[in-house]
Amino acid sequence: MRRAAFGARPDEIAQKVNQGLEATVDELVNYEQTPEDPAVPAAPQTAQGSSDIALITIDDVASWWLSRMLLTKRPLQERMVLFWHDHYATSYEKVNDPNGAKHLYWQNQLERQHATGNFRALNKGMNRDAAMLRWLDTITSTKASPNENYARELFEIFMLGLTAYENGVYTEADVQQSARAFTGWGWNLLRLDQPVSPAVNGPATDPTTVVPIPPDVNDNGTAARQHDYTDKTVFGVVQNFNGDQIIDLVLDHEPQRTYSARMLAEKLFEHFAYENPEDYIVDHIAAVLLRTNFNIKQTLRDLFLNVKEFYSDRAIHSIVKWPAYYMISSLRLLGLKNVNPRGANNSLRSMGQWLFWPPDVFGWPGREDWITTSQTFARANWADGVCTFRAANAQMPNDSIEALRVLGGLTDTSTPEQVVDYFTSLLVQRQLSSNVRQALVDFLKKNTQGVIGTFSITSDKTSNYPKIRGLIHLLLSRPEYQNY
Amino acid sequence: MSKQSRREFIKTGARAAGAGLALPVINRTAMGTTIVKELIDTTVGDGKVFVIVELAGGNDMLNTVIPLRQYSTYASFRTRIAIPQGNVLPLYGASTFNGQPTMGLAPSFQSLKPVFDAGKVAVIQSAHYPNPNLSHDFSRRIYYTAIPTSNIALQGTGWIGRHSALYGSDTNSLDTIGIGGVSKTLYASGAKVSGISANNDGNPTGYSLSTASGGGTTNQTTAALVMDPADSPIPYQQLWETSVTDAITGSTQVAAAAGSYVTAPGVTYPTGNSFFNGLKLIAKLACSSSPTLGTRVYYISQGGYDTHATENTDQPVLLARLSDGLKAFYDDLAGHGIGDKVVVLIWSEFGRRVADNASNGTDHGTATDMFVLGGAVKGGVYGPDPDLLNLTSGNLRWSVDFRSVYSEIISKWLGGDPQQVLGGSFPQLGFL
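Protein chains in written order, with our numbering: chain A, 24 to 507; chain B, 8 to 439.
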């Protein structure tokens, strides 16, 4: 639950253990069958509460998405949207025309629609996704002068990976030939830059209705005239490919097909379990992808059920939490579902994961890149803000601490050690070293002069729980809390 | 072995094996590169500062330093985006042909031109590496690591990181500083790195531990600094522990340094862009004498150079920012009396295709220019002019290995043995 969802509290984990692994995995991956929380907002709203798509800003889209992550009863879906947002990393830095926020919202919905769907369909959706067409310059790619940007990143990042290039599985010539298959495809995007009705053009549940593409356009319009209908030679196959047929070629033609499966298999395993997995694990997951025609849901189900390394010691707390995960899982563990995420994307920016502003098309490098001195401050200081008592605008009201106290069975006579141990099990979910545990116990006992005295929940409670708030802040800031 | 103990092993091993000899005496392998610890560090603490500016995305060098001798060829390759010949600025130190300069500077460099003309900017042309790769990720990793071999480049340590591990401070968390993020260039086992972000005033932002939640600042800080004494088997735990510790312990000094700074008389930094803010923050930290931070290397990135489309309108804006920011930075350092103590390297992961595309842009290319700027720099043009009549698959040929530039910076500026950091020797160009 920690690694495949947004974390689970000890009581929730006990309930899952009770219902068994297979039922838990099925509940997680077959999330369509779980009724969504009615509080989950269906679409972004402006700060003034308007749902008019024409007025939506990128901050509205980010706040909406963070709300979804915080409230959803389908955590794997939002985890996979985050995964795909990194995989098809598209930035408002460039997609910032008046329709940019709307287009990135549609792209986010496309990633949600196919979150655990079919990799082939997802790639074809991206072929005509308005934000992607602009981001990688398909909108200006013409027969006379094909733009290589999309074709290059399609192979290098989205579908095959750099290893494939190094091994000669695709070449510079394949990139340049494939680029011709996408010429003219972006032309109809211009239509979307006029005021449009969301009922007609979004959200992008059916991308083909959003951006008509050649050669389906038979009106001899500009798009068709900009498309190159002559033969292209890709992976040695000569054919009048269009963009979708390039996707099919990659996923149907060996050895590209196997390379694509292995690239995705490794990336999925590294997202959920641990880095640099053994070849046989990648082979196993890739085989599931190939067997299921690149079905993500069936692949994840197999990964969570049948890959024993997913449950090995090496996989426990092995991956550095992405900042969005860190933020959302912290709030969910603390039961703070009333927090308004508007503006929280600024905190994510400081932590290094500004949603809708990935650093470049490669997404967030992650791993050690999440761990800089300023980013450790950003996590700790965001947590401090959440934990701080504010009478008027409490992010963590006293009631929520009281609820956690009851959940943990802590009473007025609980010892500081019991308090530390409970909040450690709730949040960190692994043992702290004895000296770290002692430092936290001492923190609870210290008076304002730093002299060790006594701690009681009763006295802490009467002044809005300053010690417990400080303890939670310290735990959320600790190195031991930063991996899942 | 932990980061710290590996570092200690390198250092103490070398010292113990050959005390008193001023020669490298022992080889150790750190992260795939053999390095030799010099016995005596002569370089630390002499106050020299090195700043790296990355132009992320692959800057189009042919529209940065314009080939005037081959102008008609250039113009025919770039019917949509060629810079008009009359707008090109004279480039200090360019070769001449029939009495005319062979290369010129983009008009966007107007503000920085006086620094060029003062002979304080070296332009290293036709730089790159064997078997050029057109992938952003691949190529920039090669520049980060200085290892142009794919497999190692993908996993390797940064060249500055390796230098830091050998010659930098063991204890100063501010030994190297990344502005905004931290580039892989700065990483290696044993390197001390901090990452600091700038606000609109060029001040460090969010760079102190907030403790409003409760229990008191001192009590919270004390508890936050207690770390597990054991080597954790969990990935990245030591790095987290080091980063949290370095952040808290370095934050007071960083705040004091930034607080003590006053911009030099007559200097005004342009505003409204994170690159300007970052340069100003570097100036604040580098100029500080109370306290002296001892930072040897700063790293900052300016993005947006992947100009597949609308380059003719986008690149001039980027280059003007680069020029305006660096001019203020250069003047500010000079005004603080440390103009001769700071050298700036400006680089990009590749140049771009010689021919433009129909999107008024250019696709990925190969050979590139590097720039070295500073009061101690011997300005001028190094490396041969690009030859637009002798291309490989539509791309320029390279002839200066970029590691020559790194090598010279190590041996003449940072101090240390380039062979140990770069794993090979490269002819130097003489710009320092």
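C-beta: ideal position from N, C-alpha, C; glycine also. Quick caveat: nothing in here was measured; it's all calculated off a predicted structure.
Amino acids of chain A, ordered along the chain, whose beta-carbon sits closer than 7 Å to that of residue i
i: residue 246/B; result: 391 and 394
i: residue 233/B; result: 458, 459 and 462
i: residue 315/B; result: 160, 170 and 172
i: residue 124/B; result: Simply none; closest approach about 34 Å.
i: residue 364/B; result: 168 and 170
Cross-chain neighbours of residue i in chain B, by beta carbon under 7 Å
i: residue 375/A; result: 188
i: residue 185/A; result: 142, 144 and 145
i: residue 444/A; result: Chain B residues near residue 444/A: none, gap ~16 Å exceeds 7 Å.
Same chain, Cβ closer than 7 Å to residue i, neighbours up to 5 away in sequence not counted
i: residue 434/B; result: 411
i: residue 176/B; result: 51, 182, 199 and 301
i: residue 499/A; result: 353, 406 and 450
i: residue 229/B; result: none
i: residue 385/A; result: 112 and 180
i: residue 100/B; result: 386, 387 and 388
Residues near residue i in its chain [Cβ-Cβ closer than 6 Å; skip 5 each side]
i: residue 31/A; result: 24
i: residue 154/A; result: 113, 118, 126, 127 and 130
i: residue 30/B; result: Here residue 30/B scores only 30 on pLDDT, less than 50, and its place in the model should not be relied on; the value that follows carries that caveat. Nothing listed; no residue qualifies.
i: residue 276/B; result: 283, 287 and 335
i: residue 90/A; result: 64 and 364
Cβ pair residue i, residue j closer than 8 Å
i: residue 351/B; j: residue 58/B; result: yes
i: residue 382/B; j: residue 396/A; result: no
i: residue 201/A; j: residue 269/A; result: yes
i: residue 210/B; j: residue 254/B; result: no
i: residue 259/A; j: residue 150/A; result: no
i: residue 44/A; j: residue 326/A; result: no
i: residue 95/B; j: residue 380/B; result: no
i: residue 94/A; j: residue 62/A; result: yes
i: residue 193/B; j: residue 60/B; result: no
i: residue 174/A; j: residue 207/A; result: no
i: residue 133/B; j: residue 374/B; result: yes
i: residue 389/B; j: residue 131/B; result: yes
i: residue 480/A; j: residue 448/A; result: no
i: residue 64/B; j: residue 310/B; result: yes
i: residue 423/A; j: residue 371/A; result: no
Within chain B, partners of residue i - CB distance below 8 Å
i: residue 490/A; result: 221 and 222
i: residue 383/A; result: 63, 64, 143, 310 and 313
Where the alpha helix (DSSP H) containing residue i begins and where it ends
i: residue 376/B; result: Unbroken run through residue 376/B is the beta strand (DSSP E), 375-380; no alpha helix (DSSP H).
i: residue 504/A; result: Here residue 504/A belongs to no alpha helix (DSSP H), and DSSP marks it neither H nor E.
i: residue 167/B; result: 166-174
i: residue 429/A; result: 421-430
i: residue 289/A; result: 279-295
i: residue 396/A; result: 396-410
i: residue 500/A; result: 489-500
i: residue 304/A; result: 302-314
Closer than 7 Å: residue i CB and nearest the ligand MN heavy atom
i: residue 167/A; result: Summarising the ligand content, the structure contains no ligands, and the ligand MN is consequently not present.
Where the beta strand (DSSP E) through residue i begins and ends
i: residue 111/B; result: 110-112
i: residue 57/B; result: 56-62
i: residue 266/A; result: Counting along the chain, residue 266/A falls outside any beta strand (DSSP E), though it belongs to the alpha helix (DSSP H) covering 266-275.
Contacts that residue i makes with chain A (C-beta to C-beta distance below 9 Å)
i: residue 288/B; result: In chain order: nothing, as chain A lies at least about 11 Å away.
i: residue 214/B; result: 396, 397 and 400
Residue i: contacting residues in chain A (beta-carbon distance under 8 Å)
i: residue 263/B; result: Under the 8 Å cutoff, chain A gives no residues; its nearest Cβ is about 16 Å from residue 263/B.
i: residue 466/B; result: Lying outside 8 to 439, the shown extent of chain B, residue 466/B is not represented and no answer is given.
i: residue 323/B; result: Within 8 Å Cβ-Cβ: nothing; residue 323/B doesn't reach chain A, min ~17 Å.
i: residue 253/B; result: 396
i: residue 236/B; result: 456 and 458
i: residue 180/B; result: 396
i: residue 203/B; result: 396 and 397
Beta-carbon proximity list for residue i, same chain, < 8 Å, skipping 5 on both sides
i: residue 218/A; result: In this predicted model, residue 218/A has a pLDDT of only 36, less than 50, meaning its place in the structure is not dependable; the value taken from the coordinates is given anyway. Result list for residue 218/A: 77, in chain order.
Closer than 9 Å at the beta carbon, the chain B residues around residue i
i: residue 179/A; result: 142, 143, 144 and 145
task: Tell me the start and end of each unbroken beta strand (DSSP E) in the region 148-201 of chain A that is at least 3 residues and wholly inside, in chain order.
output: none
Complete runs of the alpha helix (DSSP H) confined to the region 84-149 of chain B [at least 4 residues]: 120-124
message: Quick check for students: name the residue ranges of the beta strand (DSSP E) that lie wholly in the region 353-421 of chain B, counting only runs of 3 or more.
response: 375-380 and 387-389
task: With a floor of 4 residues, list each alpha helix (DSSP H) that falls wholly inside the region 297-342 of chain B, ordered by position along the chain.
output: 318-342
field: Any alpha helix (DSSP H) of 4 or more consecutive residues that is wholly inside the region 116-149 of chain A
entry: 123-136
field: Runs of alpha helix (DSSP H) wholly within the region 43-85 of chain A (minimum 4 residues, chain order)
entry: 44-52
message: Which runs of the alpha helix (DSSP H) at least 4 residues long sit entirely within the region 193-256 of chain B? Give them in chain order.
response: 224-231
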